[in-house]
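**Q** In numbering that gives the first Met the number 0, the protein residues as written are 0 to 231.
C-beta: ideal position from N, C-alpha, C; glycine also.
I am attaching a structure below and will ask some questions about it afterwards.
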Amino acid sequence: MERLLLRKRSNSATSTAPSDQKPREDKSAPYRDQRYKTLLEVKGSYMSYMIESLLDLASASQALCRSLLETMQPVPGHSLFRDDIFKATWWNNSIPFTEPRPQPDYSVGFRREAFTEEQLTKLSPFLGDFIAGDQSLFMTTYYMYFPFLTCEVKCGAAALDIADRQNAHSLTLAVRAIVELFRAVKREDEVHQQILAFSISHDYCSTWMPTHFKKICSAIDELPSRSPVKKA
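Here you go:
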């Protein structure tokens with residue numbers, strides 16, 4: 000359970016500048032290196048395009064993919080990722096997996112208001128002071144918990160390869176949140192071979208979509224009422 004606990008914001012003089020103070024175009028630079036896929040694999044996150052991987056999915060998850068592909072979906076009427084508020088969208092509140100910190104072009108998760116007060120109380124040892132910048136496995140920004148969709152838009156040569164690497168990094172954090180939550184309440188079998196995250200990588204002429212599905216609130220309900228708090 001201790002691995003789920005929040006990380007306090009560092010006040011040391013060596014702390015790096017917040018991600019939202021960096022130019023937006025810098026976020027793609029590390030992903031241009033073809034070795035980034037290997038870096039993710041070294042850390043335990045694998046990008047797979049093999050049809051065998053799709054066949055390993057549970058039947059309900061396969062049906063969900065078919066439904067999403069074949070059904071018309073509504074277009075969001077508004078977004079937190081408008082240019083005027085984009086600086087608030089770096090995933091500064093998520094415990095890092097590797098560098099750089101993700102900043103998808105578009106992502107979707109759950110607002111704090113989606114959970115009951117009792118659920119938020121049970122989550123509190125793992126969230127900390129999100130306004131002060133504490134980091135959590137379950138939180139990406141102060142207003143988004145448990146992300147389940149990320150999108151990257153690119154243009155030019157090898158555009159989709161770069162977008163795929165960015166999405167793979169972002170989705171690693173998204174899937175990690177679900178797996179660790181269910182592992183904490185000994186229900187990890189429920190998410191085995193299930194879709195846990197969707198991503199969309201696209202340029203002006205093509206689109207590629209991998210995968211997601213989960214039951215978050217029921218797992219939160221099984222967290223102990225008084226979770227252990229790691230003391231310094």
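Using the three-state DSSP reduction, which class does Pro-146 fall into: helix, strand or coil?
**A** It is a strand residue.
**Q** Where does Thr-115 sit, in a helix, a strand or coil, going by DSSP?
**A** Here Thr-115 sits in coil by DSSP.
**Q** Have a look at His-191 and Ile-177 and give me their C-alpha separation to the nearest angstrom.
**A** So the two alpha carbons sit approximately 11 Å from each other.
**Q** Based on the DSSP output, what are the partners of Met-71 in its beta bridges?
**A** In DSSP, Met-71 forms no bridge with anything.
**Q** Decide if the segment 160-177 is in contact with the segment 91-107; the criterion is three or more beta carbon pairs, one per stretch, under 8 Å apart.
**A** Yes, since at least three Cβ pairs between the segment 160-177 and the segment 91-107 fall closer than 8 Å, the two stretches touch.
**Q** Measuring CA to CA, which of Gln-118, Pro-146 and Thr-140 is closest to Asp-128?
**A** Looking at the Cα atoms, Thr-140 is the closest of the given residues.
**Q** By the three-class DSSP mapping on this structure, what secondary structure does Glu-51 have?
**A** Below a pLDDT of 50, predicted positions are generally treated as unreliable, and Glu-51, at 49, falls in that range; the measurement from the model is reported next regardless. Three-state result, Glu-51: helix.
**Q** Suppose you measure from the CA of Trp-207 to the CA of Val-152; what does that come to, to the nearest Å?
**A** Confidence at Trp-207 is low in this model, with a pLDDT of 44, below 50, so its placement is unreliable and no value can be given for it.
**Q** Helix, strand or coil for Thr-97? Go by DSSP, reduced to three states.
**A** Correct three-state label for Thr-97: coil.
**Q** Round the Cβ separation of Thr-171 and Leu-39 to the nearest angstrom and send it over; I've been treating them as touching at under 8 Å.
**A** With 8 Å as the limit, Thr-171 and Leu-39 qualify as a contact, their Cβ atoms being about 7 Å apart.
**Q** Between Ile-194, Ser-135 and Gly-132, which has its C-alpha nearest Phe-147's C-alpha?
**A** If we check each option's Cα against that of Phe-147, Ile-194 comes out closest.
**Q** For Glu-189, which three-state DSSP category applies?
**A** Reduced to three states, the DSSP call for Glu-189 is helix.
**Q** Determine the direct distance from the alpha carbon of Ala-183 to that of Thr-120, and round the result to whole angstroms.
**A** Near 16 Å, if we compare the C-alpha coordinates of Ala-183 and Thr-120.
**Q** Where does Ser-66 land, buried or exposed, given buried means 16+ other C-beta within 10 angstroms?
**A** Counting Cβ neighbours within 10 Å, Ser-66 comes out exposed, since fewer than 16 surround it.
**Q** Given a cut-off of 8 Å on the beta-carbon distance, is the pair Leu-122 and Phe-145 in contact?
**A** No, they are not a contact pair.
**Q** Mapping the DSSP letters down to three states, classify Gln-33 as helix, strand or coil.
**A** It is coil, neither helix nor strand.
**Q** Buried or exposed, going by whether 16 or more other CB atoms sit within 10 Å of the CB of Thr-149?
**A** Burial call: buried.
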